[in-house]
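Per this note's numbering, the first sequence starts with residue 2, numbered consecutively. Idealized CB from N, CA, C, for every residue including glycine.
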Amino acid sequence: MIGYACITLGNSVDPLRGCTKKNATNETLSSVIGHNLTSLSQALHYNHQNNIQLFRISSDIIPFGSSPVNSLPWKDSFGEELTSLGELVRRFKIRVSMHPGQYTVINSPHQDVVDRAIEDLIYHASFLDSLSLDASHKLILHIGGIYNEKEAAMDRFISVYQYLPENVKARLVIENDDRLYSVADVLAISSATGIPVVFDTLHHEVNPPHQNDKSMVEWLLLCKNTWKRNDGCQKIHYSQQSPSGKAGAHSQTIGIEAFLSFYHALEQYIPSGDLPDIMLEVKDKNLSAVKCINSLAHPGKIRTLEEEWSRYKYNVLEHDHAIYLKIRALLKDKTIYPAVEFYRLLEAALSKTIRPEAADNAAAHVWGYMSPFATQKEKEAASLKLTALHNNEISSDLVKKFLYRLAVKYEQTYLLDSFYFTF
DNA sequence: CACCGTCAAGTCGCA
DNA sequence: TGCGACTTGACGGTG
2 MIGYACITLG
12 NSVDPLRGCT
22 KKNATNETLS
32 SVIGHNLTSL
42 SQALHYNHQN
52 NIQLFRISSD
62 IIPFGSSPVN
72 SLPWKDSFGE
82 ELTSLGELVR
92 RFKIRVSMHP
102 GQYTVINSPH
112 QDVVDRAIED
122 LIYHASFLDS
132 LSLDASHKLI
142 LHIGGIYNEK
152 EAAMDRFISV
162 YQYLPENVKA
172 RLVIENDDRL
182 YSVADVLAIS
192 SATGIPVVFD
202 TLHHEVNPPH
212 QNDKSMVEWL
222 LLCKNTWKRN
232 DGCQKIHYSQ
242 QSPSGKAGAH
252 SQTIGIEAFL
262 SFYHALEQYI
272 PSGDLPDIML
282 EVKDKNLSAV
292 KCINSLAHPG
302 KIRTLEEEWS
312 RYKYNVLEHD
322 HAIYLKIRAL
332 LKDKTIYPAV
342 EFYRLLEAAL
352 SKTIRPEAAD
362 NAAAHVWGYM
372 SPFATQKEKE
382 AASLKLTALH
392 NNEISSDLVK
402 KFLYRLAVKY
412 EQTYLLDSFY
422 FTF
């Protein structure tokens, strides 16, 4: 399976809400939780409709879930919602996970930090428990800090682990990070504790073991051995270096070519029924998940690519008119399934900078959906905005927001389902 | 309504 | 001892 983390781009899932500590009244918390559970339900439906069976639930689903700031008995007051969310997860056969961030540290020398970290793990595990999910739905944790003494810090991790509640231990898996604990370190902790290891490809590239005597696939296979029957199949994190960012920064999108060569390398060592679940960590989230899934579909349907094209076409148009025409031509032949070539062209277009004339052209196409219904006032506003965009006097974001409001008003679902307003 | 500083968390490097 | 950087997306106050 291939999946993505926390956020579903596009217009089919309402973003999660949050609040600050000082605004965290019971009323606010309750309304945010209600909203967020609805959002999760939307995400599960989106994933199901798009053949995505791997999804990370955001730690922010319950604001201040492990803090005294939130004393709401949310498991009870949202019991029905949680039960039906769990049913959805099982019905859709989606494997979910949660991933406390870098600030949840159980190997700290400070007892209060450890206590809060344990509370945080309990919160995460109890959220998954509240959905009645089995132990293959995991909780991913980094090892923590080093504190000038790595051996001792690793020992502390191991001894704290022993005393974690059973429902946390049943779900806990550990991951190599991009600075401190390499896959070799994490495997050492795994052999002392039996905790399964999530292999993170980019962290491994940025922070390889000191004695790096193995290929990436060999390390990945060692991690595979740490997954036992009840844990479900091996999970890994896959991401690519952002060309513009610092080392370890995630890319905007998953480059399909590099992804496929990685995947095909795995296929040479692992039988197809036993390949790991791959969590993509990437800025464009579900968009890359769909891309990778479609690119691996072996008898793929051209219809799937046509639907993808309908979502991306105006984004492509505003980046590169020539590629827009190329993709249109590529999808003319309904007897083939040119997924990889399609995404290659898509990536080529979207990586180009937008020129004002092209942005104007795309906006004019989009405006064409609304213009038959628009009021005189809206027509005048549109004309002004499009001209200003053409002359590079206003940002295309501004024009998109204007067009988005009209698309909502006139219920242009074709546009609302597209990514034109997304990025 | 656009903009941008702030918020949460813990560690680590550097004064 | 203390402070800023690091990370992330949304909040929330300002203009």
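Is residue i near residue j, with beta carbons less than 8 Å apart?
i, j, result
"residue 54", "residue 99", "no"
"residue 251", "residue 283", "yes"
"residue 233", "residue 96", "yes"
"residue 296", "residue 367", "no"
"residue 359", "residue 318", "yes"
"residue 183", "residue 209", "yes"
"residue 421", "residue 344", "no"
"residue 108", "residue 62", "no"
"residue 129", "residue 142", "no"
"residue 172", "residue 118", "no"
"residue 333", "residue 346", "no"
"residue 170", "residue 199", "no"
"residue 10", "residue 286", "yes"
"residue 292", "residue 324", "no"
"residue 207", "residue 270", "no"
"residue 60", "residue 138", "no"
"residue 86", "residue 41", "yes"
"residue 228", "residue 197", "yes"
"residue 391", "residue 357", "yes"
"residue 277", "residue 215", "no"
"residue 400", "residue 364", "yes"
Using the DSSP secondary-structure output, state which residues sit across from residue i in a beta bridge.
i, result
"residue 242", "251"
"residue 4", "280"
"residue 200", "237"
I need the boundaries of the beta strand (DSSP E) containing residue i, first residue and last residue.
i, result
"residue 143", "139-143"
With residue i as the anchor, note down where its alpha helix (DSSP H) starts and where it stops.
i, result
"residue 264", "257-270"
"residue 95", "Premise fails: residue 95 is in no alpha helix (DSSP H) and is neither H nor E."
"residue 58", "Segment 55-58 is the beta strand (DSSP E) holding residue 58; no alpha helix (DSSP H) there."
"residue 36", "27-50"
"residue 315", "303-320"
"residue 72", "Residue 72 -> no alpha helix (DSSP H), and no H or E assigned at all."
"residue 230", "No alpha helix (DSSP H) holds residue 230; DSSP gives it neither H nor E."
In the structure shown, what three-state DSSP assignment does residue i receive?
i, result
"residue 164", "coil"
"residue 421", "coil"
"residue 176", "strand"
"residue 193", "helix"
"residue 14", "coil"
"residue 158", "helix"
"residue 128", "helix"
"residue 20", "coil"
"residue 285", "coil"
"residue 343", "helix"
"residue 133", "coil"
"residue 215", "coil"
"residue 112", "helix"
"residue 150", "coil"
"residue 208", "coil"
"residue 298", "coil"
"residue 324", "helix"
"residue 291", "helix"
"residue 78", "helix"
"residue 181", "coil"
"residue 275", "helix"
"residue 84", "helix"
"residue 106", "coil"
"residue 427", "Here the chain comprises residues numbered 2 to 424, so residue 427 is not present and cannot be evaluated."
"residue 334", "coil"
"residue 62", "helix"
Checklist entry - Where in the stretch 351-377 do unbroken runs of the alpha helix (DSSP H), each at least 4 residues long, occur, reported from the N-terminal end onward? => result 357-371
Next on the checklist: Could you tell me which whole alpha helix (DSSP H) segments of length 4 or greater appear in the stretch 373-419?
Outcome noted: 377-391, 397-410 and 414-417
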